[in-house]
Each structure stands twice: as structure tokens, then as C-alpha cells.
Amino acid sequence: MEEALRTECRLAETGTAADGPTVVTEGQLDRIERYLVDITDALAQVGLKRCSCCGKFFQSADPKALFKGREVVCYRCLSKWWPHRRGQLSTIERDSIEHKLVHWLIREHNADIVRDPAKLGEKADKISMIASCLECNGTGISDGRTCSRCYDGNIWVVTPRDDIPSSASGS
Ligand SMILES: [Zn+2]
Ligand SMILES: [Zn+2]
Numbered sequence: 003m004e005e006a007l008r009t010e011c012r013l014a015e016t017g018t019a020a021d022g023p024t025v026v027t028e029g030q031l032d033r034i035e036r037y038l039v040d041i042t043d044a045l046a047q048v049g050l051k052r053c054s055c056c057g058k059f060f061q062s063a064d065p066k067a068l069f070k071g072r073e074v075v076c077y078r079c080l081s082k083w084w085p086h087r088r089g090q091l092s093t094i095e096r097d098s099i100e101h102k103l104v105h106w107l108i109r110e111h112n113a114d115i116v117r118d119p120a121k122l123g124e125k126a127d128k129i130s131m132i133a134s135c136l137e138c139n140g141t142g143i144s145d146g147r148t149c150s151r152c153y154d155g156n157i158w159v160v161t162p163r164d165d166i167p168s169s170a171s172g173s
């Protein structure tokens, strides 16, 4: 957080480079940070929540807009965020969030589960995400046999590309 603020401060200074860089003190940074926390709190009170990925605000009451796992992430960011995030979690955490995510996509975004990657081509106009099979927990083996619900432990969750809720700022 602080690092991002420092970078923004530096960017804002580029116009006055002739005067040398303006030093932003720790005290100023603290004030900016408190100010941002206050604004975020105020927006939460009017029902807006922020995507931890892109930083945009969405209506918290809109069940389609935000996935609320350990972090809050908007629908648009999910397909970029999850493949990266899942690699940083323990297996137990990853499976629990991923199951929640798959169920949320099915419930709120009419997601289809595709078990054969060869059939993904027909769904080119959709957003897809690879997840561990919910039946065999990604092992590919169920009751001692090859799991019939997945391809080698993986399933593809595909949702329509036009099913994207708009952010509070309207973009
Ligand atoms: Zn986002
Ligand atoms: Zn399976």
C-alpha cells in the first residue's frame, strides 16, 4: 500500500522535476493512508465494496458483481486473479476457495462445467477458468477408478463473456 502511494506521489511530481523531487514525509503518507481508509469505510456504509484486484467499487448487494472469498474480487478480474492466486495458497485453502468460486459462478453467472478440453473451442466467446474437479478433488481418481466427471482432475468453468456487471463508476 505504502509503496503504491509513494509511486503515485513520484508520478505526480514529474511536472516539477526542475525543482528536484519533493520529499513526502512519513507523516504525510500516514495522513493520506488514513484518508483513504476513511473514504473506503464511508463507501462501504453506502453499500460499495472494492475489488482487491482492480480497485473499482461495486454494489455489495449485487450478488453477481463480487466474489467474496478471502479477498473480494470482481467478476471481471477473476479469470486473471485466480490462476495466479491459487498458486500461493495451501491445498486446503485453495480447494475451499475454489469450490466456493465454482459454485458462485454456476449460481450467479450460469457457468457451465466442461469436462473435456477438446470441447472448449465451441465456447470461444466465453470466459473460462480451470479448477480442480469437485468430485475427486483434482486427483483424477474416484472410488479407485478414473473419475468420469473431469479430465485428469481438472474441470473448465465457462461463463458468458457478456455477463459482466458494471462497476459503480460506470465503466
Ligand atoms: Zn476487479
Ligand atoms: Zn474428477
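Take 3 as the starting number for the sequence shown in the working numbering and just add one per residue.
Glycine residues also receive a C-beta, built at the ideal position from the N, C-alpha and C atoms.
What you are looking at is a predicted structure, and each value in this text was computed from that prediction instead of being measured.
May I have the straight-line CA-CA distance separating Arg163 from Cys149, to the nearest angstrom?
29 Å
Cβ pair count under 8 Å reaching 3, the stretch 106-117 against the stretch 61-75:
yes
For ligand 1, is there a heavy atom less than 7 Å away from the beta-carbon of Val75?
yes
Relative to the C-alpha of Leu38, which candidate in Val25, Gly57, Gly49 and Thr24 has its C-alpha closest?
Gly57
Is it right to say Lys51 is buried, meaning 16 or more other beta carbons lie within 10 angstroms of its own, or is it exposed?
Buried, by the Cβ-count rule.
Where Asp32 and Thr42 are concerned, what is the direct C-alpha to C-alpha distance, given to the nearest angstrom?
15 Å
Is the beta carbon of Glu100 closer than 8 Å to that of Ala46?
no
Reduced DSSP category for Ser98 - H, G, I as helix; E, B as strand; rest coil:
In this structure, Ser98 counts as helix in the three-state DSSP scheme.
Check whether the Cβ atoms of Arg117 and Cys152 sit closer than 8 Å, and answer yes or no.
The answer is yes: Cβ separation under 8 Å.
Of the residues Arg96, Leu136, Asp97 and Glu95, which one's Cα is nearest the Cα of Ile115?
Leu136
Nearest-angstrom beta carbon gap, Leu122 and Trp158 [assumed within contact, 8 Å]:
6 Å
Beta carbon of Val26, beta carbon of Ser54: below 8 Å?
no
Taking 8 Å as the cut-off, decide whether the C-beta atoms of Lys66 and Glu110 are in contact.
Closer than 8 Å, so yes.
Mapping the DSSP letters down to three states, classify Ala133 as helix, strand or coil.
If DSSP states are grouped into helix, strand and coil, Ala133 belongs with the strands.
Under 8 Å, do Asn156 and Asp97 count as touching if we go by C-beta distance?
no
Does the Cβ of Lys58 lie closer than 7 Å to at least one heavy atom of ligand 1?
yes
Outcome for Val48 when other beta-carbon atoms lying within 10 angstroms are tallied against a minimum of 16:
exposed
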